[in-house]
Amino acid sequence: MQGSGVSTNNKIFLAGLPWSVLVVATLWASDPAARSLAVVFAVVVLVLGWMVVTSLFCCSAASSPGQLANARHDREIIERSSEAMLRVSAEFSTQLGEIRSEVRRAQDIFSEAVGHLIGSFQDINMHVQRQRQLGMAAQDGMPVAIEDSEQAINKMAAQEMTFVLAAKSDIEQAKQRIEAVNGCAGDTVGELNLIAGQVEAAVNKAVLSLQFQDVVTQLLGHVGRRLDLLDEVASDEQRLAEVLLDSGHPEATLRALDALRDHVDQLAQKLVTLKKGVDNNPVSQTGHAGGDVELF
Amino acid sequence: MAKTILAVDDSASIRQMVSFTLKSAGYEVIEAVDGMDGLEKAKAGSINLVLTDQNMPRMDGLTLIKTLRALHQHATTPILMLTTESSDTMKSQGRAAGATGWLVKPFDPQKLIEVVRKVIG
Chain L
2 MQGSGVSTNN KIFLAGLPWS VLVVATLWAS DPAARSLAVV FAVVVLVLGW MVVTSLFCCS
62 AASSPGQLAN ARHDREIIER SSEAMLRVSA EFSTQLGEIR SEVRRAQDIF SEAVGHLIGS
122 FQDINMHVQR QRQLGMAAQD GMPVAIEDSE QAINKMAAQE MTFVLAAKSD IEQAKQRIEA
182 VNGCAGDTVG ELNLIAGQVE AAVNKAVLSL QFQDVVTQLL GHVGRRLDLL DEVASDEQRL
242 AEVLLDSGHP EATLRALDAL RDHVDQLAQK LVTLKKGVDN NPVSQTGHAG GDVELF
Chain C
1127 MAKTILAVDD SASIRQMVSF TLKSAGYEVI EAVDGMDGLE KAKAGSINLV LTDQNMPRMD
1187 GLTLIKTLRA LHQHATTPIL MLTTESSDTM KSQGRAAGAT GWLVKPFDPQ KLIEVVRKVI
1247 G
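Each protein sequence line maps, in turn, to chains L and C. So for the first sequence, the working numbering puts the first residue at 2; every next one is plus one. So for the second sequence, the working numbering puts the first residue at 1127; every next one is plus one.
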């Protein structure tokens, strides 16, 4: 990484300076002739020269081919990471959009199907009620009709005694048949009423079951809110990747890291806040039994 | 004269089922699609009982109850919550807001009729 240490050239120069000083010091110690003003001047110039050369190489180190290659490599890593983040978050957003659209479509199909079911259910119930009313009317009307027939026969018999004597057995048989029909009709109506009671119980069950659309719709709504939360996270990640990609130089990226860290912190806080919105699931039911009733 | 019940729910199927059940028990039923609609209909007509959902657009059930209780006209009108929510916290909030009772969806038609008869006769 650029600026992280001293290059090999610089090390040579930095080591060469004390080595030269050591050689000169040894020369001075061993040969008095070496302590002349000219030699001292030469040593000072040599040291200054080393210092100038070292500082020049240190300053130009960033521009050295090795450092440039390192910087380019770092930049490529950042770019690749940012692009990967962008691709992932974009795909994530696309998938979330697809899921949301599919959930909505399922909800629409479901609502339409339940709407039709309710319509059919109401039609069936209306016909059953009508049938029951007809049965009850028949049951109420049947004894009256039979009673009327009996009265008519009796009246006729009273007027025509000869006819009655002659056809007494026929009349008795007719009355027995009418009573048999009456009994049979009564049984049928009784059975109809029993069926009507069973239908009523089935209708109650249907009313209970047809409410599942509301429960499922609320659950799907909650799923939608969770998807919104994930979408927010994907969008923020996308923005984070764009910031990384936009920083033109690795040094600038390093400088931007503080800002990015703040951004990640904000994202974490936002997640906590958003999560509160989806923590409370409005539907706790796991089956389809009738709910509790409580009067305050 | 039949007593009138205001059924407030954003789900059409629930409104239909409530209406079907209560009408078959001899009550008049007025339907409202959310809290705001329910409030307008409650202000407009004579209502003997309000049956409301909690989670609805524009105005939720708890807000509707509080708003109705603030009106002189409905200060004592029985209000039943009919909702999927069943937590004790929500029930406490409902009671504090002025609800008369709490019914958890899905409702049993027989139980609903029994409760309504108990509350308004």
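Glycine included, each C-beta is placed from N, C-alpha and C at the ideal position. Quick caveat, the model's predicted, so the values are computed rather than measured.
Helix or strand or just coil, what does DSSP make of residue i?
i                  : result
Glu1154 of chain C : strand
Gly1227 of chain C : strand
Met2 of chain L    : Confidence at Met2 of chain L is low in this model, with a pLDDT of 41, below 50, so the placement of that residue is unreliable and no value is reported for it.
Leu1188 of chain C : helix
Leu1175 of chain C : strand
Leu209 of chain L  : helix
Leu1197 of chain C : coil
Taking residue i as part of the alpha helix (DSSP H), name the residues at either end of that continuous run.
i                  : result
Met1162 of chain C : Gly1161 to Ala1170
Arg1124 of chain C : Any property of residue 1124 of chain C remains undetermined from this structure, which presents chain C solely from 1127 to 1247.
Which residue's Cα is closest to the Cα of residue i: the options?
i                  : options                                       : result
Asp298 of chain L  : C:Met1182, C:Ser1139 and C:Pro1235            : Residue 298 of chain L falls outside the range modelled here, since chain L spans only 2 to 297, and no answer is possible.
Val190 of chain L  : L:Arg240, L:Leu135 and L:Arg226               : L:Leu135
Glu1154 of chain C : C:Ser1218, C:Ala1168, C:Ala1170 and C:Lys1129 : C:Lys1129
Glu233 of chain L  : L:Ala203, L:Leu268 and L:Gln212               : L:Leu268
Ile1205 of chain C : C:Gln1199, C:Gly1224 and C:Gln1219            : C:Gly1224
Ser1146 of chain C : L:Val244, L:Glu238 and L:Gln123               : Note on residue identity: the sequence assigns Phe, not Ser, to residue 1146 of chain C. The residue with the shortest Cα to Cα distance from Phe1146 of chain C is L:Gln123.
Asp1110 of chain C : C:Met1185, C:Ser1218, C:Lys1244 and C:Asn1174 : For residue 1110 of chain C there is no data in the structure shown, the boundaries of chain C being 1127 and 1247.
Phe111 of chain L  : C:Ser1137, C:Ile1131 and C:Leu1132            : C:Ser1137
Ser240 of chain L  : L:Met86, L:Gln174, L:Ile179 and L:Ile172      : According to the sequence shown, residue 240 of chain L is Arg rather than Ser. When only C-alpha atoms are compared, the closest one is L:Met86.
Gly1171 of chain C : C:Leu1177, C:Val1159 and C:Gln1199            : C:Gln1199
Gly17 of chain L   : L:Leu49, L:Gly198 and L:Ile196                : L:Leu49
Met1216 of chain C : C:Val1242, C:Ala1196, C:Arg1243 and C:Gly1187 : C:Gly1187
Gln130 of chain L  : C:Ala1133, C:Ser1150, C:Val1134 and C:Ala1201 : C:Ser1150
Arg1195 of chain C : C:Ala1168, C:Trp1228, C:Met1127 and C:Thr1210 : C:Ala1168
Leu245 of chain L  : L:Val24, L:Ile79 and L:Leu23                  : L:Ile79
Val89 of chain L   : L:Asp263, L:Lys271 and L:Asp237               : L:Asp237
I need the straight-line Cα distance from residue i to residue j, nearest angstrom please.
i                  : j                  : result
Pro19 of chain L   : Gly67 of chain L   : 26 Å
Ser5 of chain L    : Ser56 of chain L   : Bear in mind that a pLDDT of 43 at Ser5 of chain L, under 50, signals an unreliable position, so the number given afterwards is only what the model happens to contain. Approximately 17 Å, taken between the alpha carbons.
Pro1232 of chain C : Gly120 of chain L  : 19 Å
Met127 of chain L  : Asn194 of chain L  : 15 Å
Ile1156 of chain C : Gly222 of chain L  : 26 Å
Phe138 of chain L  : Val182 of chain L  : According to the sequence shown, residue 138 of chain L is Ala rather than Phe. Cα-Cα distance, rounded: 16 Å.
Leu1148 of chain C : Ile1239 of chain C : 7 Å
Leu1190 of chain C : Gly225 of chain L  : 25 Å
Asp1214 of chain C : Phe297 of chain L  : 13 Å
Val265 of chain L  : Asn1181 of chain C : 33 Å
Val273 of chain L  : Leu209 of chain L  : 38 Å
Ala207 of chain L  : Val115 of chain L  : 12 Å
Ala107 of chain L  : Ala235 of chain L  : 24 Å
Pro1183 of chain C : Arg76 of chain L   : 50 Å
Met1207 of chain C : Ser1139 of chain C : 17 Å
Gln214 of chain L  : Lys1192 of chain C : 28 Å
Val1176 of chain C : Ala1133 of chain C : 6 Å
Glu295 of chain L  : Ser1212 of chain C : 11 Å
Thr1210 of chain C : Ile196 of chain L  : 33 Å
Glu243 of chain L  : Val1230 of chain C : 48 Å
Gly98 of chain L   : Leu230 of chain L  : 12 Å
Phe93 of chain L   : Met1143 of chain C : 40 Å
Ser82 of chain L   : Thr95 of chain L   : 20 Å
Could you pull the start and end residues of the beta strand (DSSP E) that residue i belongs to?
i                  : result
Ala1133 of chain C : Thr1130 to Val1134
Ile1205 of chain C : Ile1205 to Thr1209
Thr1202 of chain C : It is not in any beta strand (DSSP E) - Thr1202 of chain C carries neither H nor E in the DSSP assignment.
Going along chain C in order, which residues have a C-beta closer than 7 Å to the C-beta of residue i?
i                 : result
Phe297 of chain L : Arg1221, Ala1225, Thr1226 and Gly1227
Ile79 of chain L  : None at all; the shortest Cβ gap to chain C is about 46 Å.
Check the Cβ of residue i against every Cβ in chain C and list those closer than 9 Å, keeping chain order.
i                 : result
Gln134 of chain L : Chain C residues near Gln134 of chain L: none, gap ~13 Å exceeds 9 Å.
Ile119 of chain L : Ala1138, Ser1139, Gln1142, Met1143 and Phe1146
Gln108 of chain L : Those within 9 Å of Gln108 of chain L in chain C number zero; the least Cβ separation is about 12 Å.
Gln123 of chain L : Gln1142 and Phe1146
Taking 7 Å as the line, does the beta carbon of residue i fall inside it for any heavy atom of the ligand MG?
i                  : result
Ile1191 of chain C : You won't find the ligand MG in this model; it holds no ligand whatsoever.
For residue i, return the contacting residues in chain L, with the cut-off set at a CB-CB distance below 7 Å.
i                  : result
Met1143 of chain C : Val208, Leu211 and Gln212
Lys1231 of chain C : Gln212, Asp215, Val216 and Gly292
So residue i contacts chain C; which residues on that side make the cut at Cβ distance below 8 Å?
i                 : result
Asn194 of chain L : Correct list: empty, because the minimum Cβ distance to chain C is about 17 Å.
Asp171 of chain L : Neighbours of Asp171 of chain L on chain C: none; closest Cβ ~49 Å, over 8 Å.
In chain L, which residues lie with their C-beta within 8 Å of the C-beta of residue i?
i                  : result
Val1159 of chain C : The contacting residues do not exist; Val1159 of chain C stays about 13 Å from chain L at best.
Val1241 of chain C : Val294 and Leu296
Gln1236 of chain C : Asn205
Residues of chain L with CB under 9 Å from residue i, in chain order?
i                  : result
Lys1192 of chain C : Chain L residues near Lys1192 of chain C: none, gap ~15 Å exceeds 9 Å.
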